[in-house]
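In what follows, a structure is listed as structure tokens, so that the remarks can point back to it.
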Amino acid sequence: MTLPLTASMSHGLDGDVVVPGDKSISHRALILGALAVGETRITGLLEGEDVLCTAAAVSALGASLERTGDGAWTVAGRGVGGLREPDVLLDMGNSGTGVRLLLGVAASHPFTSFFAGDASLGKRPMERVMAPLRTMGAHFVSGSGGRLPVAVTGSDRLVPIEYESPVASAQVKSAVLLAGLGAPGRTTVVEPCPSRDHTELMLRHFGAEVTVADLPDEARAVTVGGQPELEGRDIAVPGDISSAAFPLVAGLIVPGSSVMVRNVGVNPLRTGLLKTLAEMGAEINFENRRQQAGEPVADLVVEAGPLRGVEVPPERAPSMIDEYPILAVASAFAAGPTHMQGLRELRVKESDRLAVMTRGLKACGVDVEEGEDWLVVHGTGGRPKGGATIASELDHRIAMSFLSLGLASEQPVSVDDGTPIETSFPGFVDLMNGLGACIIGEDEGA
Ligand code: S3P
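The sequence shown lines up with residues 855 to 1300 when you count with the numbering used here.
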């Protein structure tokens, strides 16, 4: 069933909200909890579809999970190498992170696991993780072009490797490091520039030995010591900066707004959007900075105001890879062009986000140029026209980005299907409407 949604011009968003837990950290908390000995108690877990798929998969792999309250889960782990052969297909839904990280885990277990996903996940490349895992000793059978469904036969005799990753991808890095937990000796991933380091921080939190070395030209080497005994831990998952991005940008573009998002993870490898918005002239304040399970956290406050176009350098891409759709929306309101470069990876996300943003922004009357790995949005400093219906293409962030645009464009903006929002941001419409936004479902508008 699809859920058409329409966003219309709103006046002065105002309030103080908490967004759901960080998706990246939530997947990792469940997975490392499953690989630890003893109990891991998680609070603030994102209970979106993506993470629930990972929860079902780690439970099929033998971990015991219990939901003890809203966002509160305990995981009784089976120790590194202690998972068991699942007797069901592991359906990872829409989740690239879930499937790629779990392929790494399954690679270090001597049985066969079968992974599948939805139509969007079925188009995404898995070879990027299968290639290094194969050299460690795992075997794969996949759909054509290295796509899902994938069967992996792992081994308890994996060979540790030093893998030079061609992409700055935290999913690739994490898959190899997680497989490396099951191999004797040290496994190293060299990435061309640093990607989000939640796996490294959490591995340390669970007691693994992880070393990080900065190399010339921005490259970074991350090494994990194999066959550690991980110990169950408490993890408080902070709010997801990638979800906070929507109320924050809406607060910047809807005139008269003042919005606070509390308890947001502000790991510097995730905050490229905030840096870019600040360069565009946005007023964003960090309050009450603190640390939670090794991750930096803050309350973020924005006031609406004029934005100007900027150059976003390619090396910033890994720190804001999921935020280009909403940045493109902010850019449509800025005075002058915003050039975004180094965007090749956007073509293999939940949708081809470069193509989908270009099409959608043009339909909303915004002047956009698209290249193979770049985008230029020509903002006018005023309100875009809007007045279009956008196909969300099974992509949660596309749906939320265009709904945010519709809150400040001249005419309403609709998305054909808001159901993908459930993958990462359950309660998005209510949260936004609680701030004063006007987003309605088709039935309500009838
Ligand atoms: C993620 C890494 C990123 C990001 C995704 C979550 C993670 O993907 O786009 O939403 O949790 O590791 P890549 O690592 O493939 O860039």
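By construction, the Cβ of each residue, glycine as well, lies at the ideal position given by its N, Cα and C atoms.
- The distance from the Cβ of V1006 to that of A1029 is about 11 Å, inconsistent with a contact at the 8 Å cut-off.
- Inside the segment 906 to 991, DSSP marks whole beta strand (DSSP E) runs of 3 or more residues at positions 918 to 923, 926 to 932 and 966 to 970, from first to last along the chain.
- Counting every other CB atom within 10 Å of its CB across the protein chains shown gives M1211 a total of 16 or more, marking it as buried.
- Scanning its chain for C-beta atoms nearer than 6 Å, with the 5 sequence neighbours on each side dropped, one finds around V1166 the residues T1130 and M1194, in chain order.
- Boundaries for M1286: no beta strand (DSSP E) harbours it, while the alpha helix (DSSP H) harbouring it runs F1282 to G1288, taken from the DSSP string.
- Comparing C-alpha distances from G952 to each of G923, V983 and E939 shows the shortest one belongs to V983.
- Of the residues V1231, R1213 and G1214, the one whose Cα lies closest to the Cα of D1221 is V1231.
- If you draw a straight line from the Cα of D1051 to the Cα of R954, it comes to about 16 Å.
- Per DSSP, the unbroken beta strand (DSSP E) holding R1040 starts and ends at R1040 to E1045.
- Residue burial annotation: A1033 is buried, with at least 16 other C-beta atoms found within 10 angstroms of its C-beta.
- The set of residues with a C-beta under 5 Å from any non-hydrogen atom of the ligand S3P comprises S878, T951, S1023, A1024, Q1025, I1175 and D1176, given in chain order.
- With contact defined as three or more Cβ pairs closer than 8 Å, the segment 1269 to 1288 and the segment 986 to 1005 are not in contact.
- DSSP lists V1156 as the beta-bridge partner residues of I1138.
- Nearest in C-alpha terms to D1206, of all of P1191, A1188 and P1179, is P1179.
- If the five residues before and after L867 are omitted, its C-beta is found closer than 7 Å to the C-beta atoms of A1104, G1105, V1108, S1111, V1113, L1289, G1290 and A1291, all from its own chain and listed in chain order.
- Boundaries of the alpha helix (DSSP H) around A1099: I1095 to I1107.
- Secondary structure of F994 (DSSP, three-state): strand.
- One thing to note: V1026 has its Cβ within 8 Å of the Cβ of S1019.
- Counting every other CB atom within 10 Å of its CB across the protein chains shown gives S918 a total below 16, marking it as exposed.
- Under the 10 Å beta carbon count, E1149 is surrounded by 16 or more other beta carbons and is classified as buried.
- By the criterion of a C-beta distance shorter than 7 Å, G925 is surrounded in its chain by G875, T897, G898, L899 and E901, once the five residues flanking it on both sides are discounted.
- About 5 Å separates the CB atoms of N1139 and V1155; that is less than 8 Å, so the two are in contact.
- The criterion of a C-beta distance shorter than 8 Å is satisfied by S1173 and L1123.
- Distance check between L886 and each of I1252, H1059 and E1016 places H1059 closest, using alpha-carbon atoms only.
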